[in-house]
Amino acid sequence: MATKQVDVVIIGGGPAGLTAGLYTSRARLNTIIIERGRPGGQIASTTAIENWPGTLSSSGPKLMADILAHAEHFGCRLIKDEVIAVDFNSYEKTILTKKQDEYKAKAVILSPGAEPRVLGVKGKRNFAAGAFLIALPVTLIFIPMPGWW
Ligand SMILES: Cc1cc2nc3c(=O)[nH]c(=O)nc-3n(C[C@H](O)[C@H](O)[C@H](O)COP(=O)(O)OP(=O)(O)OC[C@H]3O[C@@H](n4cnc5c(N)ncnc54)[C@H](O)[C@@H]3O)c2cc1C
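Note that my numbering numbers the sequence shown so that position 131 is 336, with each residue one more than the last.
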């Protein structure tokens with residue numbers, strides 16, 4: 206097992222973790238982000254983002270790649286691994302990963318986000334996008350009707 210010393214460990218490389226990494230690295234803190242999947246988190250799976258201030262439209266993967274590059278520009282490092290245990294009981298925090306690396310850090314930022322629960326039904330993958338497209342118009346139809354809720 207290899208033990209590595211850093212200032213800040215960020216658990217989760219979604220929008221929250223990448224943004225935190227940008228700020229801590231820019232403040233000259235030796236920072237790593239540990240991400241078990243693809244960097245960018247949930248939003249990296251969407252094609253259109255229209256509520257990012259200053260940008261009329263962007264895609265999830267592009268926006269996340271830009272924020273990651275921005276964080277890396279200031280020295281932040283992305284580690285592809287999964288955190289499986291933490292110990293926050295002493296001043297120096299300990300983080301253990303699936304690849305059996307151990308990190309010691311002065312601070313830990315938790316940004317593990319969320320994972321939508323999927324229906325345990327046949328064909329759920331095929332209909333995942335369709336369900337949203339159907340649910341949205343149905344919601345729009347029902348909302349204006351008084352007395353329905
Ligand atoms: C299809 C879709 C479209 C969306 N569109 C928009 C939009 O247009 N505008 C908008 O504002 N929001 C949108 N959202 C919501 C947005 O994606 C979330 O609010 C945002 O991703 C939350 O960011 P986060 O960093 O907190 O968490 P997440 O995005 O959930 O990222 C958390 C990350 O932590 C990692 N992680 C978790 N546990 C561990 C562990 N133990 N070890 C290592 N890594 C770990 C996960 O792999 C994940 O990558 C959309 C969401 C989806 C699913």
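Quick reminder that beta carbons are idealized off the backbone N, C-alpha and C, glycines included.
All of these numbers come straight from a predicted model, not from anything done at the bench.
Query	Result
Any heavy atom of ligand 1 within a distance shorter than 8 Å of the CB on Gln355?	Outside the displayed span of the chain (206 to 354) sits residue 355, for which this structure offers no information.
Between Trp275 and the rest of its own chain, which residues show a CB-CB distance below 6 Å, the 5 nearest in sequence each way excluded?	One point to set straight first is that residue 275 is His, not Trp, in the sequence displayed. Same-chain partners within the cutoff: Leu227.
Okay, do the stretch 226-241 and the stretch 278-295 touch, 3+ Cβ pairs below 8 Å being the bar?	yes
Helix, strand or coil, according to DSSP, for Ser295 in the structure here?	coil
May I have the straight-line CA-CA distance separating Thr229 from Val213, to the nearest angstrom?	8 Å
Excluding sequence positions up to five away, which residues of its chain have a Cβ less than 7 Å from the Cβ of Pro317?	Ile216, Gly217
Hey, out of Tyr308, Val323, Ile289, Lys329, whose CA is closest to Lys209's CA?	Tyr308
In chain order, what residues of the same chain lie with their CB nearer than 8 Å to the CB of Lys329, ignoring the 5 residues before and after it?	Val323
Can Leu273 and Gly242 be called in contact, C-beta distance under 9 Å?	no
Under a Cβ-count criterion, where at least 16 other Cβ atoms within 10 Å of its own Cβ denotes burial, should Gly219 be classed as buried or exposed?	buried
Apart from the five residues on each side of it in sequence, which residues of its chain come closer than 6 Å, Cβ to Cβ, to Asp292?	Thr299
Can you look up Lys309 in the DSSP assignment and give me helix, strand or coil?	strand
Nearest to Tyr296 by CA position, among Val313, Val288, Gln305, Ser262, is which residue?	Val313
Given a cut-off of 9 Å on the beta-carbon distance, is the pair Ile289 and Lys303 in contact?	yes
Taking the alpha carbon of Pro321 as the reference point, which residue from Ala221, Ser250, Leu234 has its own alpha carbon closest?	Ser250
Can you have a look at Leu223 and say buried or exposed, based on whether 16 or more other CB atoms are within 10 angstroms of its CB?	buried
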